[in-house]
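Below is one structure, written out as structure tokens; comments come after it.
Residue numbers (this note's numbering): 203 to 352.
Listed below in structure tokens is the structure:
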């Protein structure tokens with residue numbers, strides 16, 4: 203089966219939720235409503251997803267960094283689990299927490315390197331027989347939280 207590249211690229215959503223192994227993304231196209239909508243109720247096999255990630259390579263990683271930046275710029279978009287319970291939090295608006303443009307560029311470069319590292323780990327995990335209990339969602343969530351704090 204041939205799949206539209208835009209649909210395959212839209213499955214980057216899996217990386218934002220901590221689902222980065224191709225087998226899990228394929229399974230999510232059956233189980234998760236969000237993935238079903240993104241995939242237009244199609245179910246690309248794990249080999250197709252991994253091959254697309256290899257072919258798309260650097261544009262795929264660049265788009266993932268852009269997704270993280272948009273999440274940071276838009277306070278209403280959050281990646282991962284979001285819950286509202288009426289808790290009030292104090293702002294982090296001190297002059298010590300503000301970033302200069304140069305420092306923000308350094309952090310962006312570091313995030314790009316970390317995203318490349320995560321994609322490399324996903325590449326290693328795809329061809330192997332990794333058990334379903336092994337994943338890297340905490341690492342992706344940590345980097346997303348760091349970008350959101352910028």
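All C-beta atoms in this analysis are idealised placements derived from N, C-alpha and C, irrespective of residue type, glycine included. Since this is a predicted model, take the numbers as computed values, not measurements.
With distances taken Cα to Cα, identify the nearest neighbour of residue i among the options.
i	options	result
residue 326	351, 311, 223 and 205	223
residue 212	238, 232, 233 and 225	238
residue 349	323, 321 and 317	317
residue 311	263, 234 and 252	263
residue 215	351, 236 and 303	236
residue 309	352, 322, 319 and 205	352
residue 322	275, 305, 219 and 259	259
residue 242	302, 232 and 248	232
residue 275	253, 306 and 319	306
Does the Cβ-Cβ distance between residue i and residue j come in under 9 Å?
i	j	result
residue 210	residue 261	no
residue 221	residue 208	no
residue 272	residue 314	no
residue 270	residue 344	no
residue 225	residue 347	no
residue 324	residue 257	no
residue 228	residue 265	no
residue 205	residue 244	yes
Determine whether the Cβ of residue i lies closer than 9 Å to any Cβ atom of chain C.
i	result
residue 212	Looking at the structure shown, chain C is missing, and only one protein chain is on hand.
At what residue ranges does the stretch 221-250 contain a whole run of the alpha helix (DSSP H), taking only runs of 4 or more? Taking only runs of at least 4 residues, the alpha helix (DSSP H) segments lying wholly in the stretch 221-250 are 224-233 and 235-240.
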